[in-house]
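Undergrad: I am attaching a structure below and will ask some questions about it afterwards.
2 protein chains.
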Amino acid sequence: MTETSSKKASLHDVARAAGVSISTVSRAQAHPERLSAKTRDKVLAVTRELGYHPNIAARNLRLGHTKTLLAVMPNHKATSVSTITTEAQYGIGAQCRKQGYALNVVHMDETEATADHVLQLAYGGQASGLILMAEQPYELHGRRLQDCGLPIVSLSEDLTHLNIPSVVTSDRQSMMDAIDTLADLGHTSFYFISGPDNSYHSRQREAGVRSGLIRRFGSDTGLQKFRADFSVQSGIDAAAAYLALDDRPSAVICWADEAAIGFQSAILNAGLAIPDDLSLISFDGLTASRYMRPPICTFDQNMTDLGAQAAQLLIDMIDSGEPPKGASIEYPAKLFPGGSIAPI
Amino acid sequence: MTETSSKKASLHDVARAAGVSISTVSRAQAHPERLSAKTRDKVLAVTRELGYHPNIAARNLRLGHTKTLLAVMPNHKATSVSTITTEAQYGIGAQCRKQGYALNVVHMDETEATADHVLQLAYGGQASGLILMAEQPYELHGRRLQDCGLPIVSLSEDLTHLNIPSVVTSDRQSMMDAIDTLADLGHTSFYFISGPDNSYHSRQREAGVRSGLIRRFGSDTGLQKFRADFSVQSGIDAAAAYLALDDRPSAVICWADEAAIGFQSAILNAGLAIPDDLSLISFDGLTASRYMRPPICTFDQNMTDLGAQAAQLLIDMIDSGEPPKGASIEYPAKLFPGGSIAPI
DNA sequence: TTGTACGCGTTATCAG
DNA sequence: CTGATAACGCGTACAA
């Protein structure tokens, strides 16, 4: 109702209007019980009347904290079907909110400007902690993100060797399980669609596949491999390469759902049947994979939980001084039993 | 190299170590040309040595701005295949970065705690402007988000009647075009899968369908309708309802890709063929839709551009006082020609 | 119970 | 060209 004149009201304005000192107004917010009922009511009335709300930035400065987390997320390709980062961010955001933290987000890309922006945010004291999800060098002009002096938690990439607590998925273990699952169905020949060589997840998952092969068959030398990337298109390319093979493996393991979606699509378009002609198993647990025909058998990551865990871990580090308790948390991915695998 | 003792260095620390006043150190950052070469080099050297970086929060407080935008995003359902909000956020983030703004994000949900959190952020002066993408009441305990005194831009929902500049897609026009496209193929009977009654986009798109019908056929009375929602599952339900019809329309228009994906999947599972037995056209332009079999014919929104536009509009409002120039910007969605439509 | 004074880390103004 | 000072908006000892 009462229209405030123009600018935002400050502690000062309220104090003057209520005929008290600014500390009294301040107390009315934080420690209402320490005021006499009379002045408290008076102050609160004026507070409402003037539409006063404390300036959180100033409060944080005074209190020496920021109550803000900075999440560094991976670049989002326009042609992506992945909801991984959205889910992760949702989990992070929900946990932040519960703990009264604000969430700053920046999506990485390859430009120096972006690297500089992140560094600026981190070194500029805009946040009290960092969640790292982007696979990036985080370095510019000799300034490294890790040296910004803030607590850091890595999400989905294991960075414990850099002394950074990490919340990760069971990349390796899941892929070992994938081999067992396929082998139990009678498969003995395997085709692996990997990601880029510099991708952490790709390397982990390939290592898992090879370990699984060695554990089950004593050797991984028979593994055939195609290098794809994050895109659906690269899965289509993988299909072309697969189809050109003289002796096609009966089981295909794909490093990520995006590529698997492209792969399956191209295979079906070529007239082959899944899982009749070949079995396909993948990793990520995208909802989109569930609605392919057939639904793609894939490892579900529950990124929302992972994100929430990472945020909580970081907030614990901020609140309790510094020492990270458990170095790293691994969340097992759960196999979603799509229709893309079958006995040979 | 040089390990800083423990806490972050401040202007004061550098000044003392360099034997100058704090204003000189401050100037070395902002106006280096106003210092003598000698002192500037000295100060800069000490700055580097101590690992000093200005505290942005304090600077912003002094300068009376926040250089921060707050984006209020819709709730993300765990079972979603939509990348709309991710794309929008990416566009917003990129534009913020270019303009030196930080980006605060909060995902809405139905809880009061979240509403309170958003209100707190907005009224607390944590940001200088708001981007609204969530379809929510934004109100709690009589505090309305719109009254927080900050410039606001609506993304994807037309809020110009509330005097809020809006960046929107061509919901209505596109759906009118959809009718024409289908009618040109010979279709005369239509089935519309809507969203929830309280969804802005659903209402807009239904209005577009009906307008298109009236424009082309003089009446919309023949339109059959099923109410779905944001989920893939609701599209599956729609398929069941459609299949139960005695006289099935040959053309199906779906309000959103998520539901369309479920619908198509269920239709195919039931043994019907698309587009042989029915044509399907939808809205959203999800990448996932492109890789369905057949690819779903859908209107592509380019949310990245929309997001960037919204951010820029908001920043303009912040920088240039207040007056919003153009009330609203409409981005036409482009039809992605999937294989889900055909002549009757 | 309430008011005074100071400081959080900056930057801008004004002397010198 | 450089330094002292005030102020941004707030919270809290300390004193009254």
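Protein chains in written order, with the numbering used here: chain X, 154 to 497; chain A, 154 to 497. The beta-carbon is built from N, C-alpha and C at its ideal position, and this holds for glycine as well.
(1) Taking only beta-carbon positions, decide if A:A231 is within less than 8 Å of chain X.
(2) DSSP state of A:L338, grouped into three classes?
(3) Count the other CB atoms within 10 Å of the CB of X:I245; is the residue buried (16 or more) or exposed (fewer)?
(4) Tell me which residues of the segment 399-433 of chain A have at least one Cβ-Cβ distance to chain X shorter than 7 Å, keeping chain order.
(5) Using only CA atoms, which one of A:A461, A:T451, A:E310 and A:A486 lies nearest to A:R250?
(6) What does the alpha-carbon distance come out to for the pair A:S522 and A:G361?
(7) Helix, strand or coil for A:K195? Go by DSSP, reduced to three states.
(8) To be precise: take each residue of the segment 196-230 of chain X, compare its Cβ to all Cβ atoms of chain A, and keep it if any distance is under 7 Å. Which residues remain?
(9) Please confirm if A:L315 has its CB atom under 8 Å from at least one CB of chain X.
(10) What's the gap between the Cα of X:T232 and the Cα of X:H206?
(11) Do you know how far the Cα of X:I427 is from the Cα of X:S493?
(12) Taking 6 Å as the limit between beta carbons, can you name the residues of its chain near X:D410, skipping five residues before and five after?
(13) So is X:R446 in contact with chain A if we call contact Cβ pairs under 8 Å?
(14) How about X:L274 and X:L222: do their beta carbons lie closer than 8 Å?
(15) Between A:L298 and the ligand COA, is there a pair consisting of the residue's CB and a ligand heavy atom that are separated by less than 7 Å?
(16) Quick check on A:T440 - is its C-beta less than 8 Å from some C-beta in chain X?
(17) In angstroms with no decimal places, state the Cα-to-Cα distance between X:P477 and X:P318.
(18) Pull up the CB-CB distance for X:G365 and X:I332, whole angstroms please, since I reckon it's below 8 Å.
(19) Which partner residues of X:F383 appear in the DSSP bridge assignment?
(20) I'd like the span of the beta strand (DSSP E) that includes X:C407, first residue to last.
(21) Could you check how far apart the C-beta atoms of A:L459 and A:L308 are, in whole angstroms? I think they sit under 8 Å.
(22) Please return the same chain residues whose Cβ sits closer than 7 Å to the Cβ of X:R325, not counting the five positions on each side in sequence.
(23) Going by C-alpha distance, which of X:Y243, X:H354 and X:L197 is nearest X:A224?
(24) Which residue from X:D311, X:R368, X:G217 and X:R201 puts its Cα closest to that of X:S481?
(25) My guess is that A:A413 and A:G388 are in contact by the Cβ rule of under 8 Å, so how many angstroms apart are they, rounded?
(26) Interface residues of chain A around X:V234 at Cβ under 8 Å?
(27) Name the chain X residues whose beta carbon is nearer than 9 Å to that of A:K478?
(28) At 7 Å on the CB atoms, spell out the chain X contacts of A:G277, in chain order.
(29) Can you find a C-beta in chain X that's less than 8 Å from the C-beta of A:H270?
(30) With DSSP collapsed to three states, give me the class of A:Y344.
(31) In three-state terms, what does DSSP make of A:N257?
(32) Quick one: list the residues of chain A neighbouring X:K161, beta-carbon separation under 7 Å, in chain order.
(33) Going straight from the alpha carbon of A:N228 to that of A:T264, what length do you get?
(34) Do A:A210 and X:G278 have their C-beta atoms within less than 8 Å of each other?
(35) Going by beta carbon distance, what residues of the same chain come within less than 7 Å of A:A162, once the five residues before and after it are set aside?
(36) As a quick exercise: from A:Q454, A:M329, A:Q248 and A:S281, pick the residue whose alpha carbon is nearest that of X:H270.
TA: Based on what the coordinates show:
(1) Taking the first residue of the second sequence as position 1, residue 231 of chain A is located at position 78. Taking Cβ atoms only, chain X reaches closer than 8 Å to A:A231, which makes this a yes.
(2) Along the second sequence, read from residue 1 onward, the residue named residue 338 of chain A stands at position 185. Note: A:L338 maps to coil in three-state DSSP.
(3) For the purposes of this step, residue 245 of chain X is taken as residue 92 along the first sequence, with counting starting at 1. Buried: at least 16 other Cβ atoms inside 10 Å.
(4) Those residues of the segment 399-433 of chain A that come within reach of chain X (Cβ to Cβ, closer than 7 Å) are I414, G415, S418 and L421.
(5) Mapped onto the second sequence, residue 250 of chain A falls at position 97. Closest by alpha carbon: A:A461.
(6) Because chain A in this structure spans residues 154 to 497, residue 522 of chain A falls outside the shown range and cannot be described.
(7) Indexing the second sequence from 1 puts residue 195 of chain A at position 42. A:K195 sits in a helix when the DSSP states are folded into three classes.
(8) H206, P207, N208, I209, A210, A211, N213, L214, T219 and H229
(9) Taking the first residue of the second sequence as 1, we reach residue 315 of chain A at position 162. Judged by the 8 Å Cβ criterion, A:L315 is not in contact with chain X.
(10) For the purposes of this step, residue 232 of chain X is taken as residue 79 along the first sequence, with counting starting at 1. For the purposes of this step, residue 206 of chain X is taken as residue 53 along the first sequence, with counting starting at 1. Those two C-alpha atoms are separated by around 43 Å.
(11) The residue you call residue 493 of chain X lines up with position 340 of the first sequence. The residue you call residue 427 of chain X lines up with position 274 of the first sequence. Going by the C-alpha atoms only, they are around 6 Å apart.
(12) Start at 1 with the first residue of the first sequence, and residue 410 of chain X comes out as number 257. Here the set comprises S435, D437, L439, S442 and T451.
(13) Translated into positions along the first sequence, residue 446 of chain X becomes position 293. Yes - at least one Cβ of chain A is within 8 Å of the one on X:R446.
(14) Looking up residue 274 of chain X in the first sequence gives position 121. Looking up residue 222 of chain X in the first sequence gives position 69. No. Outside cutoff.
(15) Ligands displayed in this structure: none; no statement on the ligand COA is therefore possible.
(16) Indexing the second sequence from 1 puts residue 440 of chain A at position 287. It does: the Cβ of A:T440 has a partner Cβ on chain X nearer than 8 Å.
(17) Along the first sequence, one-based indexing puts residue 477 of chain X at 324. Along the first sequence, one-based indexing puts residue 318 of chain X at 165. Rounded to the nearest angstrom, the two C-alpha atoms are 7 Å apart.
(18) On the first sequence, residue 365 of chain X is found 212 positions in, with the first residue counted as 1. On the first sequence, residue 332 of chain X is found 179 positions in, with the first residue counted as 1. Confirmed, about 3 Å.
(19) Position 230 of the first sequence, counted from the start, is the residue given in the question as residue 383 of chain X. X:F383 is not bridged to any residue.
(20) Within the first sequence, the letter at position 254 stands for residue 407 of chain X. Per DSSP, X:C407 belongs to the beta strand (DSSP E) from A404 to C407.
(21) Your numbering for residue 459 of chain A matches position 306 in the second sequence. Your numbering for residue 308 of chain A matches position 155 in the second sequence. Confirmed, Cβ separation roughly 6 Å.
(22) Here residue 325 of chain X is taken as the residue at index 172 of the first sequence, counted from 1. For X:R325, where only same-chain residues beyond five positions count, the Cβ hits under 7 Å are Q357, A360, G361 and S364.
(23) In the first sequence, the residue the question calls residue 224 of chain X occupies position 71. Checked all of X:Y243, X:H354 and X:L197; the closest Cα to X:A224 is X:Y243.
(24) The residue labelled residue 481 of chain X in the question sits at position 328 within the first sequence. When X:D311, X:R368, X:G217 and X:R201 are compared, the shortest CA-CA separation from X:S481 is found for X:D311.
(25) Locating residue 413 of chain A in the second sequence gives position 260, where the first residue counts as 1. Locating residue 388 of chain A in the second sequence gives position 235, where the first residue counts as 1. Right, their Cβ atoms sit about 6 Å apart.
(26) Within the first sequence, numbered from 1, the residue matching residue 234 of chain X stands at position 81. Neighbours of X:V234 on chain A, chain order: V234, T236, L439, T440, A441 and Y444.
(27) For the purposes of this step, residue 478 of chain A is taken as residue 325 along the second sequence, with counting starting at 1. Proximity of chain X to A:K478 at the Cβ level (cut-off 9 Å) is not reached, the minimal Cβ distance being about 21 Å.
(28) Position 124 of the second sequence holds residue 277 of chain A. Here the neighbours are H206, P207, N208 and I209.
(29) Counting from 1 along the second sequence, the entry for residue 270 of chain A is found at position 117. Answer yes: the Cβ-Cβ gap between A:H270 and chain X drops below 8 Å somewhere.
(30) Looking up residue 344 of chain A in the second sequence gives position 191. Strand.
(31) Position 104 of the second sequence, counting from 1, holds the residue named residue 257 of chain A. Strand, per DSSP.
(32) The sequence position of residue 161 of chain X within the first sequence is 8, counting from 1. Here the neighbours are G278 and G302.
(33) Taking the first residue of the second sequence as 1, we reach residue 228 of chain A at position 75. Taking the first residue of the second sequence as 1, we reach residue 264 of chain A at position 111. Approximately 11 Å, taken between the alpha carbons.
(34) Here residue 210 of chain A refers to the residue found at position 57 when the second sequence is read from its first residue. Here residue 278 of chain X refers to the residue found at position 125 when the first sequence is read from its first residue. Cβ distance < 8 Å, so A:A210 and X:G278 count as in contact.
(35) Start at 1 with the first residue of the second sequence, and residue 162 of chain A comes out as number 9. If we look at A:A162 and ignore the five residues flanking it on each side, its Cβ neighbours are L203, G204 and Y205.
(36) Looking up residue 270 of chain X in the first sequence gives position 117. The shortest Cα separation from X:H270 among A:Q454, A:M329, A:Q248 and A:S281 belongs to A:Q248.
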